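J.:
In the numbering used here, the protein residues as written are 118 to 413.
#1: Take residue 390 as the anchor and find which of 126, 359 and 171 has the nearest alpha-carbon.
#2: Would you check if the distance between the CB atom of residue 219 and the CB atom of residue 298 is smaller than 8 Å?
#3: Should the region 204-221 be regarded as contacting the region 246-257, the criterion being three or more beta carbon pairs within less than 8 Å?
#4: Would residue 361 be called buried (16 or more neighbouring beta carbons within 10 Å of its own) or exposed?
#5: For residue 274, which residues of its own chain have a beta-carbon under 7 Å away from its beta-carbon, when the five flanking residues on both sides are left out?
#6: Could you have a look at residue 348 and say whether DSSP puts it in helix, strand or coil?
#7: Starting from residue 186, trace the alpha helix (DSSP H) both ways and give me its first and last residue.
#8: Apply the 10 Å Cβ neighbour rule to residue 171 and answer buried if 16 or more other Cβ atoms are within range, or exposed otherwise.
#9: Starting from the C-beta of residue 291, find all residues in its chain whose C-beta is less than 8 Å away, skip the five residues before and the five after it, and write them out in chain order.
#10: Quick one, which of 263, 403, 226 and 267 has its alpha-carbon nearest residue 294's?
#11: Going by CA-CA distance only, name the one from 311, 125, 132 and 139 that's closest to residue 254.
#12: Residue 142 to residue 191, Cα distance in whole Å?
#13: Only counting runs of 3 or more residues, tell me where the beta strand (DSSP E) segments fall wholly within the region 238-287, in order along the chain.
#14: If residue 179 sits next to residue 280, beta carbons under 8 Å apart, how far is it from one beta carbon to the other, in whole angstroms?
#15: Name the DSSP beta bridge partners of residue 329, please?
#16: Going along the chain, which residues of its own chain have a beta-carbon closer than 6 Å to the beta-carbon of residue 383, five neighbours each way excluded?
#17: Alpha carbon to alpha carbon, how far is residue 196 from residue 394? Give it in angstroms, no decimals.
#18: Judging by CA-CA distance, which residue of 307, 316, 357 and 123 is the nearest neighbour of residue 337?
#19: Which residues share a DSSP beta bridge with residue 202?
#20: Which residue or residues does DSSP assign as beta-bridge partners of residue 136?
#21: Apply the 10 Å Cβ neighbour rule to residue 125 and answer buried if 16 or more other Cβ atoms are within range, or exposed otherwise.
#22: Which same chain residues, not among the five before or five after residue 212, have their C-beta less than 8 Å away from its C-beta?
#23: Residue 352: buried (16+ other C-beta within 10 angstroms of its C-beta) or exposed?
#24: How should residue 407 be labelled, buried or exposed, when 16 other C-beta atoms within 10 angstroms of its C-beta is the threshold for buried?
#25: Which first and last residues belong to the beta strand (DSSP E) in which residue 168 is found?
#26: Under 6 Å Cβ to Cβ from residue 201, same chain only, skipping five residues before and after it: list those, please.
#27: How close, in whole Å, do the beta carbons of residue 154 and residue 232 come, if the pair is a contact with beta carbons under 8 Å?
#28: My output table needs one value for residue 372: the three-state DSSP class, helix, strand or coil.
#29: At which residues does the beta strand (DSSP E) containing residue 146 begin and terminate?
#30: Can you check whether the CB of residue 277 is closer than 8 Å to the CB of residue 132?
Below, the structure is given as structure tokens:
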């Protein structure tokens, strides 16, 4: 088995954010980079692997959420030759992160700067829109958690999965289908899981946290967890009840694990799923009210 160990960025605690250093045909690459608040730790972890930042050739981003891509602009400022690979949907928000920052500051309030640090723009000339290949890896869209999510599959069968396959803090077995606002899409997520199963990876490398060696078991269990969480919100549970029930399940499976809630705050997953169901209800109401609707 290849040695695919995450670089622990120590974001508030151990085993919360772990990015991956890859050796590719085009030189060293980093899968996701974490937030700018963790940049000193990232540079230390690279040094422990015998690298300095300017030796990286590629930054492969799963999506533009701040725990995955927040430091991209700061990295390029220190290393102007770095090529940043991202989905076409996410790319404009790297080049001009002002809208992303406004949205995140509303969500996190006074905690924003401590949690994430600076959100610097990535120059347009450093951005590479992800196609079918990047730095020798297969690439494909994996929406559901976010519309702009992509994943990367290497020749040894490791799927660098970002958040598309949920949160599972190794060596734990508990899975959280992290689902923050604003664009969780359950139908797209189901198609993503179908696509991943068809590609039959040998192992999964999520950011939160560590390599998963049982993808054939993990994916069906993620489906079940996502259906369970989504069903609760659809059926009208309150945020407090949702959080209380999810914590009880974590306690049952793992005896509690603080890294899970650092990586995937439960109130955010409730908010994302609530938004999904509200938007779906609005869309269905609009359809039923339209003049061309069969119900009219």
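Here a beta-carbon is modelled for each residue, glycine too, at the ideal position from N, C-alpha and C.
In this text the structure is predicted, and so the values were computed from the model without any measurement.
T.: Judging by the given coordinates:
#1: For the purposes of this step, residue 390 is taken as the residue at position 273 of the chain shown. Out of 126, 359 and 171, 359 has the C-alpha closest to the C-alpha of residue 390.
#2: By 1-based counting over the chain shown, the position of residue 219 is 102. By 1-based counting over the chain shown, the position of residue 298 is 181. Their beta carbons are not under 8 Å apart, which means residue 219 does not touch residue 298 by this criterion.
#3: yes
#4: Reading the chain shown from its first residue, position 244 is the one you call residue 361. Exposed, by the Cβ-count rule.
#5: As a first step, residue 274 must be located in the chain shown, where it is residue number 157. Closer than 7 Å at Cβ, skipping near neighbours: 318, 319 and 320.
#6: On the chain shown, residue 348 is found 231 positions in, with the first residue counted as 1. Looking at residue 348 - three-state DSSP - the assignment turns out to be helix.
#7: Taking the chain shown and counting its residues from 1, the one referred to as residue 186 is at position 69. It spans 183-186 - the alpha helix (DSSP H) in which residue 186 sits, taken as one unbroken run.
#8: Indexing the chain shown from 1 puts residue 171 at position 54. With fewer than 16 other Cβ atoms within 10 Å, it is exposed.
#9: Residue mapping note: residue 291 aligns to position 174 of the chain shown, counting from 1. Answer for residue 291: 285, 366, 367, 370, 371, 374 and 377, listed in chain order.
#10: Taking the chain shown and counting its residues from 1, the one referred to as residue 294 is at position 177. The shortest Cα separation from residue 294 among 263, 403, 226 and 267 belongs to 263.
#11: Here residue 254 refers to the residue found at position 137 when the chain shown is read from its first residue. Measuring from the Cα of residue 254, the nearest candidate turns out to be 139.
#12: In the chain shown, counting from the first residue as 1, residue 142 sits at position 25. In the chain shown, counting from the first residue as 1, residue 191 sits at position 74. Distance between the alpha carbons of residue 142 and residue 191: 25 Å.
#13: 244-246, 254-258, 267-270 and 275-279
#14: Position 62 of the chain shown, counted from the first residue, corresponds to residue 179. Position 163 of the chain shown, counted from the first residue, corresponds to residue 280. Their Cβ separation, rounded to whole angstroms, is 7 Å, which keeps residue 179 and residue 280 in contact under 8 Å.
#15: By one-based count along the chain shown, residue 329 stands at place 212. Answer is 321, bridged to residue 329.
#16: The residue given as residue 383 occupies position 266 in the chain shown. Here the set comprises 360 and 363.
#17: Your numbering for residue 394 matches position 277 in the chain shown. Your numbering for residue 196 matches position 79 in the chain shown. Rounded to the nearest angstrom, the two C-alpha atoms are 42 Å apart.
#18: Walking along the chain shown from the start, residue 337 turns up at place 220. Of 307, 316, 357 and 123, the residue nearest in Cα terms is 307.
#19: In the chain shown, counting from the first residue as 1, residue 202 sits at position 85. Residue 202 is bridged to 177 and 245.
#20: Locating residue 136 in the chain shown gives position 19, counting from the first residue. For residue 136, which the question treats as bridged, DSSP gives the partners 124.
#21: For this step, residue 125 is matched to residue 8 along the chain shown. Buried.
#22: The residue given as residue 212 occupies position 95 in the chain shown. So the list reads 238, 239, 240, 241 and 244, once near-sequence residues are dropped.
#23: One-based indexing of the chain shown puts residue 352 at position 235. By the neighbour-count rule (16 or more Cβ atoms within 10 Å), residue 352 is not buried but exposed.
#24: The count along the chain shown starts at 1 and reaches residue 407 at position 290. For residue 407, the predicted structure reports a pLDDT of 45, less than 50, and the residue's modelled location is therefore unreliable. A value from the coordinates is still provided. That one is exposed.
#25: On the chain shown, position 51 is the one that residue 168 refers to. Here residue 168 belongs to no beta strand (DSSP E), and DSSP marks it neither H nor E.
#26: The count along the chain shown starts at 1 and reaches residue 201 at position 84. Excluding residues within five positions, the ones whose Cβ falls inside 6 Å are 176, 189, 239, 243 and 244.
#27: Along the chain shown, one-based indexing puts residue 154 at 37. Along the chain shown, one-based indexing puts residue 232 at 115. 6 Å between Cβ atoms; contact.
#28: Reading the chain shown from its first residue, position 255 is the one you call residue 372. Correct three-state label for residue 372: coil.
#29: Translated into the one-based positions of the chain shown, residue 146 becomes position 29. Residues 144-148.
#30: The count along the chain shown starts at 1 and reaches residue 132 at position 15. The count along the chain shown starts at 1 and reaches residue 277 at position 160. The answer is no: Cβ separation not under 8 Å.
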